[in-house]
Amino acid sequence: MKPNIHPEYVETTITCACGNSLDTHATVPGLRVDICSNCHPFYTGKQRLVDTAGMVERYRRRYNLDEEEAGEVPEQADAKAAAED
Numbered sequence: 063m064k065p066n067i068h069p070e071y072v073e074t075t076i077t078c079a080c081g082n083s084l085d086t087h088a089t090v091p092g093l094r095v096d097i098c099s100n101c102h103p104f105y106t107g108k109q110r111l112v113d114t115a116g117m118v119e120r121y122r123r124r125y126n127l128d129e130e131e132a133g134e135v136p137e138q139a140d141a142k143a144a145a146e147d
């Protein structure tokens, strides 16, 4: 191996958005992740919306959707379906 070309390998802490932390070794002193095995729906068996970046809220603000309106079907789609029958 060539001297002085390899990154320094240090002990680091990986921290999840849910608060879980894991100590390991890496070339950076600290890592932050959005999801881990402690909170991932595949491992927990629970479906839940993970929105750490605020993308769902941004979408709702952009299209002026409220909580009640988000699940409703527009009236135009209902009218087209009735006209086809």
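The number in the working numbering is simply the position in the sequence shown, starting from 1, with 62 added.
All residues carry an ideal CB built from backbone N, CA and C; glycine is no exception.
These numbers were taken from a predicted model, which means no experiment stands behind them.
- Message: Going by C-alpha to C-alpha distance, which of Gly92, Asp128, Lys108 sits closest to Ser99?
- Response: Within the sequence shown, the letter at position 37 stands for residue 99. Of the candidates Gly92, Asp128, Lys108, the one whose C-alpha sits nearest the C-alpha of Ser99 is Lys108.
- Should Thr75 and Asp85 be called a contact, given that it needs their Cβ atoms to be closer than 8 Å? Your numbering for residue 75 matches position 13 in the sequence shown. Your numbering for residue 85 matches position 23 in the sequence shown. Yes, these two residues count as a Cβ contact at 8 Å.
- When you compare only the Cα positions, how much space is there between Gly92 and Ser83? As a first step, residue 92 is located in the sequence shown; it is residue number 30 there, counting from the start. As a first step, residue 83 is located in the sequence shown; it is residue number 21 there, counting from the start. Gly92 and Ser83 have their C-alpha atoms roughly 11 Å apart.
- Which full runs of the beta strand (DSSP E) of 3+ residues lie inside the stretch 67-112, going along the chain? List check, beta strand (DSSP E) in window: 72-78, 83-88, 92-95.
- Query: Under a three-way DSSP split, which group does Tyr121 fall into?
  - Reply: Position 59 of the sequence shown, counted from the start, is the residue given in the question as residue 121. In the three-state reduction of the DSSP assignment, Tyr121 falls in the helix class.
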